Amino acid sequence: MGKVVLVTGAARHLGGRFVRRIQRDPEVERVIAVDAVDPAHQLGAAEFVRADIRRPEIAKILAEHDVDTVVHLDVTGTALGGGGRTSVKETNVIGTMQLLGACQKSPRISRLVIKSSTSVYGSAPRDPAVFTETTPAKSLPSGGFAKDAVEVEGYVRGFARRRPDVAVCVLRFANILGPRIDSPLTEYLALPILPTVLGYDPRLQFVHEDDVIDVLRMSAHEPRRATLNSGTFNVAGDGVLLLSQCARRLGRPTVPVLLPAVTWVGTALRTVGITDFAPEQIRLLTHGRVVSTVQTREVLGFSPRYTTAEAFADFVRGRGPGLLPPEMLAGAVDRIAGRLAPSGSRSRPASTAPVAPSASPVSAASPVHPVHDGA
-12 MGKVVLVTGA ARHLGGRFVR RIQRDPEVER VIAVDAVDPA HQLGAAEFVR ADIRRPEIAK
48 ILAEHDVDTV VHLDVTGTAL GGGGRTSVKE TNVIGTMQLL GACQKSPRIS RLVIKSSTSV
108 YGSAPRDPAV FTETTPAKSL PSGGFAKDAV EVEGYVRGFA RRRPDVAVCV LRFANILGPR
168 IDSPLTEYLA LPILPTVLGY DPRLQFVHED DVIDVLRMSA HEPRRATLNS GTFNVAGDGV
228 LLLSQCARRL GRPTVPVLLP AVTWVGTALR TVGITDFAPE QIRLLTHGRV VSTVQTREVL
288 GFSPRYTTAE AFADFVRGRG PGLLPPEMLA GAVDRIAGRL APSGSRSRPA STAPVAPSAS
348 PVSAASPVHP VHDGA
């Protein structure tokens, strides 16, 4: 008998893509797609079950379908179907608790995959240059999706202790980008003018949605030879981009705002419904965040196909041009910076920004320096 895989969050874009992809694997017999709302996309031959994972009925679904593998993708920062922040938090935290309780009671469950986020590390001024999976956060997230992810991972660790016979894989994804991804960060990047924090140019990492599907699929199966897909892994594309580079490649001008005033700007944008400019996102766009992917490569055996720059480029192609051509914007910024720079330092390209030395080892296969190409 092949695997019976249950996927939560099937009505979302990534959930639907994963459901359609994994059912093509020869070792998978059936795929059970679960969500509280009907999906707007096709799910192939998968069986869709409309159910709210916050309710005990999820245990009956696991038992009725003889599920042996659970891929929990319904951990997210955005509402689906008109729900608000309260609904999102309940689904993330209470829904995960109910799902883990059902998995704990099911003797057939042998593998559990959890979608998490690198936001669990937070963003603070004294953060290390690079986070590894064991680096403690300098400042734990105080609210929003990041806090949800921290709580979810805490419950997952408790489950792993109670059910050591189950292979548990937690995937901490950097900000996910792609032509069809919608998130608070993509909403921010879609603004015609990007508000930034004066005096800060944070380093950012991205992971392409295609790589997300690939690593989820790998984690849902038995580990390949000489690899182990149980544990916690950072998943991000190679390299980093500065926020200023992102703005130039989008062709969007930036408006630097004093740090105390950024909160007011975020509240205004959130009030009018333009974007969820939450405090956790403000901290990310102030201090940035970079993670090491050494464990993902050496233990999990997964290497992303897209670098951070390539993932962002694909996102830009799907969004269309900004107010200004990227080449014109980059040239104007470099000319202004060149005139403002001291005469002894004009030989250095204005777009080149130094990167703080790494506080933890990173292999050559996972560089963290920004890509400098004048954009």
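Each step along the sequence shown adds one to the number in the numbering used here, with nothing skipped, and position 272 is 259. For every residue, glycine included, the Cβ atom is placed at its ideal position computed from N, Cα and C. As the structure is a computational prediction, the values presented were derived from the model and not from experiment.
Taking the C-alpha atoms as reference points, what is the distance between residue i and residue j?
i        : j       : result
Val278   : Leu178  : 27 angstroms
Asn221   : Leu176  : 23 angstroms
Leu271   : Pro189  : 8 angstroms
Arg7     : Leu127  : 36 angstroms
Pro171   : Phe5    : 21 angstroms
Val184   : Pro240  : 13 angstroms
Val15    : Asp53   : 13 angstroms
Lys(-10) : Leu246  : 51 angstroms
Gly238   : Phe302  : 13 angstroms
Ser103   : Val36   : 23 angstroms
Gly226   : Ile168  : 21 angstroms
Ala46    : Pro243  : 50 angstroms
Arg306   : Gly109  : 28 angstroms
Ser106   : Leu164  : 15 angstroms
Ser115   : Gly224  : A small fix is needed here, since residue 115 is Pro in this sequence, not Ser. Looking at the two C-alpha atoms, the distance is approximately 19 angstroms.
Val18    : Arg235  : 42 angstroms
Glu120   : Asp55   : 27 angstroms
Ile269   : Glu285  : 33 angstroms
Ala32    : Pro26   : 14 angstroms
Gly2     : Val(-8) : 13 angstroms
Asp198   : Gly88   : 30 angstroms
Thr122   : Gly186  : 27 angstroms
Lys125   : Arg113  : 7 angstroms
His28    : Thr250  : 37 angstroms
Ser129   : Ser290  : 32 angstroms
Glu34    : Cys90   : 19 angstroms
Relative to the C-alpha of residue i, which residue among the options is closest?
i      : options                           : result
Leu181 : Cys233, Ala161 and Arg4           : Cys233
Ile200 : Ile101, Val21, Val281 and Leu246  : Ile101
Arg212 : Glu14, Gly288 and Ile48           : Gly288
Ala296 : Gln268, Val157, Gly275 and Leu191 : Leu191
Phe146 : Gly226, Phe160 and Lys92          : Lys92
Pro43  : Asn162, Thr273, Leu86 and Pro151  : Leu86
Arg41  : Thr73, Thr78, Val157 and Asp55    : Thr78
Ser206 : Gly218, Arg304, Glu196 and His195 : Gly218
Ala248 : Lys134, Glu196, Pro266 and Ser290 : Pro266
Phe118 : Gly131, Asp135, Phe160 and Leu30  : Phe160
Leu30  : Gly131, Tyr293, Thr214 and His0   : His0
Asp39  : Ala89, Ala33 and Val24            : Val24
Glu174 : Pro291, Thr65, Gln10 and His28    : Thr65
Arg150 : Leu228, Ser290 and Pro94          : Pro94
Gly131 : Gly71, Glu34 and Thr294           : Gly71
Leu229 : Tyr293, Arg276 and Cys90          : Arg276
Arg292 : Arg144, Ser129 and Glu196         : Glu196
Exposed or buried, what is residue i when buried is set at 16 or more other beta-carbons lying within 10 Å of its beta-carbon?
i       : result
Leu67   : buried
Ala(-2) : buried
Glu209  : exposed
Ser231  : buried
Glu51   : exposed
Pro166  : exposed
Gly141  : exposed
Thr294  : buried
Thr280  : buried
Thr73   : exposed
Pro348  : Summary for Pro348: the model assigns pLDDT 39, below 50, so the residue's position carries little reliability, and this model does not support an answer.
Could you check what DSSP says for residue i in three-state terms: helix, strand or coil?
i        : result
Lys(-10) : strand
Phe220   : strand
Asp225   : coil
Lys125   : coil
Ser74    : helix
Gly16    : The sequence shown places Glu at residue 16, not Gly. Reduced to three states, the DSSP call for Glu16 is strand.
Val107   : helix
Arg306   : helix
Pro182   : strand
Pro247   : helix
Val80    : helix
Leu158   : strand
Ile40    : coil
Ile96    : coil
Phe193   : strand
Leu237   : helix
Thr173   : helix
His52    : coil
Phe0     : It is His, not Phe, that sits at residue 0 in the sequence shown. Reduced to three states, the DSSP call for His0 is helix.
Since residue i and residue j should fall inside the 8 angstroms C-beta cutoff, what is the C-beta to C-beta distance between them, to a whole number of angstroms?
i      : j       : result
Ala155 : Leu99   : The residue you asked about is not Ala; residue 155 is Val in the sequence shown. Confirmed, Cβ separation roughly 5 angstroms.
Val57  : Ile96   : 6 angstroms
Ala298 : Val194  : 6 angstroms
Ala111 : His274  : 6 angstroms
Val75  : Thr83   : With a Cβ gap of about 12 angstroms, Val75 and Thr83 do not count as contacting.
Asp12  : Val80   : Their Cβ separation, rounded to whole angstroms, is 31 angstroms, which puts Asp12 and Val80 out of contact at 8 angstroms.
Leu49  : Val(-6) : With a Cβ gap of about 12 angstroms, Leu49 and Val(-6) do not count as contacting.
Ile9   : Arg304  : So it is not a contact: roughly 27 angstroms between Cβ atoms.
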